[in-house]
Amino acid sequence: MQSNEQKPDIWLSVTILGLLAIGIVMVYSSSSIWSEYKFDDAWFYAKRQILFAVLGLIAMVILSRIPYYVWHKHANLIVIVCLVFLILVLIPGVGMVRGGARSWIGIGMFSIQPSEFMKLGLIIYLAKFLSERQKKIVSFQEGFLPALAIILVPFALIMIQPDLGTGVVMVGTCLVMMFVAGARIAHFMLIVAGGLAGMAGLIASAPYRIKRITAFLHPWEDPLGSGFQIIQSLYAIGPGGLLGLGLGKSMQKFFYLPEPQTDFIYSVLAEELGFLGGAFVLILFFILLWRGIRTSLHASDLFGSLLALGIVGMISIQVMINVSVVTGLIPVTGITLPLISYGGSSLTLTLAALGLLLSVSRYSNE
Numbered sequence: 028m029q030s031n032e033q034k035p036d037i038w039l040s041v042t043i044l045g046l047l048a049i050g051i052v053m054v055y056s057s058s059s060i061w062s063e064y065k066f067d068d069a070w071f072y073a074k075r076q077i078l079f080a081v082l083g084l085i086a087m088v089i090l091s092r093i094p095y096y097v098w099h100k101h102a103n104l105i106v107i108v109c110l111v112f113l114i115l116v117l118i119p120g121v122g123m124v125r126g127g128a129r130s131w132i133g134i135g136m137f138s139i140q141p142s143e144f145m146k147l148g149l150i151i152y153l154a155k156f157l158s159e160r161q162k163k164i165v166s167f168q169e170g171f172l173p174a175l176a177i178i179l180v181p182f183a184l185i186m187i188q189p190d191l192g193t194g195v196v197m198v199g200t201c202l203v204m205m206f207v208a209g210a211r212i213a214h215f216m217l218i219v220a221g222g223l224a225g226m227a228g229l230i231a232s233a234p235y236r237i238k239r240i241t242a243f244l245h246p247w248e249d250p251l252g253s254g255f256q257i258i259q260s261l262y263a264i265g266p267g268g269l270l271g272l273g274l275g276k277s278m279q280k281f282f283y284l285p286e287p288q289t290d291f292i293y294s295v296l297a298e299e300l301g302f303l304g305g306a307f308v309l310i311l312f313f314i315l316l317w318r319g320i321r322t323s324l325h326a327s328d329l330f331g332s333l334l335a336l337g338i339v340g341m342i343s344i345q346v347m348i349n350v351s352v353v354t355g356l357i358p359v360t361g362i363t364l365p366l367i368s369y370g371g372s373s374l375t376l377t378l379a380a381l382g383l384l385l386s387v388s389r390y391s392n393e
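This note's numbering puts the first residue of the sequence shown at 28, with every later residue one more than the last.
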C-alpha cells in the first residue's frame, strides 16, 4: 500500500482555510446578539468556535502527515469504538437531550456528538470492507447485502436518538461509496423502494417530522409554528439582494431566526453578504469537491480512493442538504453547514476528516 510522499494539495488546503475563516466570522456575526442576551458575552459562541477550529486544525495537520493506509488495519477498532459511543449516548444520565434528541455526551463544560464520529468511522471501515471485497460487491448476497447491513446498524442507533439528518448524510455517503466500488444499479433500485417505504414510516412515526413536511408544503398555514423557521430564513435571504446588507447588519439575527449560528447560518450569510457572498461560499465548496474527487482518482489503491471519495461525499451531501433547507427546497432537518456553522463535534471531525483527505493526496502517486 505504500506510496511516495507528495506535497500537500495547496488548492485543497487554501480552500479549507478560507471556508474556516468565513465560518468563524459568520459565527460571530450571526450569534453576537443572542450571545450577548443569553451569556452577557457577544463573543461566547465565536470564542468556542475558534477553540474548536484550533483543535480541528491540529488534528487535520497531524492526520495529514500520517500515511492514510495506516488506518486500514485499525478500521475494525475505530468502528467498534464509535458504535460503543452511539450506544452510550442512549443511556439516561450519560446522553444529553437537546432539541428533543439524545445525541450528546457531556464532558465537563463541553459535549461531544458520537454520531459525528460514527460518520467518519464508518467511512474508514466501509472503505476497507469494499476494497477487500471489490469482486464480491456485484453479488447481492455476498457483497451488497453485507455492506448494507454494516450501514444499517449505526443508522438504527442514530435513529433511536433520533437524528434523521445525520442518518441520511451517513447512509447517502455510504451508498455513493458502494456505487463507485461497483455495486449494481439493479440492487440500488431494490433498496430505493425499501428506503422510500422506510422513510415514510420514519416520518409517520414522529409528529414533528410530519409538521416539517406540511410546513415545507404550506409554511404560511402556520407562520408562528411549524412554518416559522423557513419563513424567517427566506426573509433573511430575500433582502440580501446581490451585495447584501453588509457584514454584521443582519436583521433576522435579532431573535427572529432561532439560533442562527447553527443550521441557518447560510441564511444570515446571504442576508449580510448577498447573492455574491453566498455564491462565493458555494464556489469554495465546489473547489473542495473537485480537489477531493481528483484526490480519489489519483489514489494509490482502492482503499485510499474510497476513503477520499467518502470524505468529500459526506461534506458535499451535507452542504447540499443544508443549503436546500435554508432556501426552502426541501423540508427542514437538523443539518449544519460544514466548516461554517457553529458546532464543536461537527467542526473538529470535519477538519479531522479533511486531514485524512490531505493524507490521501500526500501519500498517493501522481
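All residues carry an ideal CB built from backbone N, CA and C; glycine is no exception.
In this text the structure is predicted, and so the values were computed from the model without any measurement.
Original post:
So, helix, strand or coil for MET53, using DSSP?
Top reply: Counting from one through the sequence shown, the residue named residue 53 turns up at place 26. Helix.
Original post:
So what's VAL165 in DSSP terms, helix, strand or just coil?
Top reply: For the purposes of this step, residue 165 is taken as residue 138 along the sequence shown, with counting starting at 1. Residue state for VAL165 is assigned as coil, using DSSP reduced to three classes.
**OP:** Evaluate contact between the stretch 174-181 and the stretch 360-370, counting only Cβ atoms and requiring at least three cross-stretch pairs below 8 Å.
**Re:** Counting Cβ pairs under 8 Å, fewer than three are found: no touch.
Subject >> Whole runs of the beta strand (DSSP E) within the stretch 78-163, excluding any shorter than 3 residues >> reply: 122-125, 128-134 and 137-139, all fully within the stretch 78-163.
Subject >> Option nearest ILE342 by Cα separation, candidates THR322, PHE312 and LEU356 >> reply: Reading the sequence shown from its first residue, position 315 is the one you call residue 342. Relative to ILE342, the option among THR322, PHE312 and LEU356 whose CA is nearest is PHE312.
Subject >> Range covered by the alpha helix (DSSP H) that runs through PHE313 >> reply: Here the question's residue 313 lines up with position 286 in the sequence shown. Taken as a continuous stretch (DSSP letters only), the alpha helix (DSSP H) holding PHE313 covers 292-324.
Original post:
With distances taken from CA atoms, which of VAL198, PRO266, LEU191 and ARG321 is nearest LEU179?
Top reply: Here the question's residue 179 lines up with position 152 in the sequence shown. The option with the nearest alpha carbon to LEU179 is VAL198.
Subject >> Host alpha helix (DSSP H) of ARG389 (start-end) >> reply: Position 362 of the sequence shown holds residue 389. First-last of the alpha helix (DSSP H) with ARG389: 371-389.
Original post:
Below 7 Å between beta carbons: does that hold for TYR55 and ALA73?
Top reply: Reading the sequence shown from its first residue, position 28 is the one you call residue 55. Reading the sequence shown from its first residue, position 46 is the one you call residue 73. In this structure, ALA73 lies closer than 7 Å to TYR55 by Cβ.
Original post:
Is the stretch 299-306 close to the stretch 254-270, with three or more CB pairs under 8 Å?
Top reply: Under the Cβ criterion (8 Å, minimum of three pairs), the stretch 299-306 counts as touching the stretch 254-270.
**OP:** Under 7 Å Cβ to Cβ from SER91, same chain only, skipping five residues before and after it: list those, please.
**Re:** For the purposes of this step, residue 91 is taken as residue 64 along the sequence shown, with counting starting at 1. For SER91, where only same-chain residues beyond five positions count, the Cβ hits under 7 Å are PRO35, GLY382, LEU385, SER386 and ARG389.
**OP:** Take the Cβ of ASP68 as the centre, count every other Cβ of all protein chains shown within 10 Å, and call the residue buried at 16 or more, exposed below.
**Re:** Counting from one through the sequence shown, the residue named residue 68 turns up at place 41. So ASP68 counts as exposed.
Original post:
Given a threshold of 16 other Cβ atoms within 10 Å of its Cβ, counted over all protein chains shown, does ARG318 qualify as buried or as exposed?
Top reply: To locate residue 318, count along the sequence shown from 1; it is residue 291. ARG318 counts as buried, since at least 16 other C-beta atoms from the protein chains shown sit within 10 angstroms of its C-beta.
Subject >> Neighbourhood of MET28 by C-beta, 6 Å cutoff - its chain only, sequence neighbours within 5 removed >> reply: Against the sequence shown, residue 28 aligns to sequence position 1. For MET28, the predicted structure reports a pLDDT of 49, less than 50, and the residue's modelled location is therefore unreliable. The matter cannot be settled from this model.
**OP:** Out of PHE206, GLN279 and PRO181, point me to the one whose CA is closest to VAL195's CA.
**Re:** For the purposes of this step, residue 195 is identified with residue 168 of the sequence shown, where counting begins at 1. Measuring C-alpha to C-alpha distances from VAL195 to each of PHE206, GLN279 and PRO181 identifies PRO181 as the nearest.
Original post:
On the premise that GLY337 lies in contact with ILE150, defined as a C-beta separation below 8 Å, what is that separation, rounded to the nearest angstrom?
Top reply: As a position in the sequence shown, residue 150 is number 123, starting the count at 1. As a position in the sequence shown, residue 337 is number 310, starting the count at 1. Yes, they are in contact, since the Cβ atoms of ILE150 and GLY337 sit about 4 Å apart, within 8 Å.
Subject >> LEU364 beta carbon less than 7 Å from that of ASN443 >> reply: Residue 443 is absent from the structure shown; the chain starts at 28 and stops at 393.
Original post:
How big is the Cα-Cα spacing for GLN345 and ILE240?
Top reply: Looking up residue 345 in the sequence shown gives position 318. Looking up residue 240 in the sequence shown gives position 213. If I take the Cα positions, the gap works out to 19 Å.
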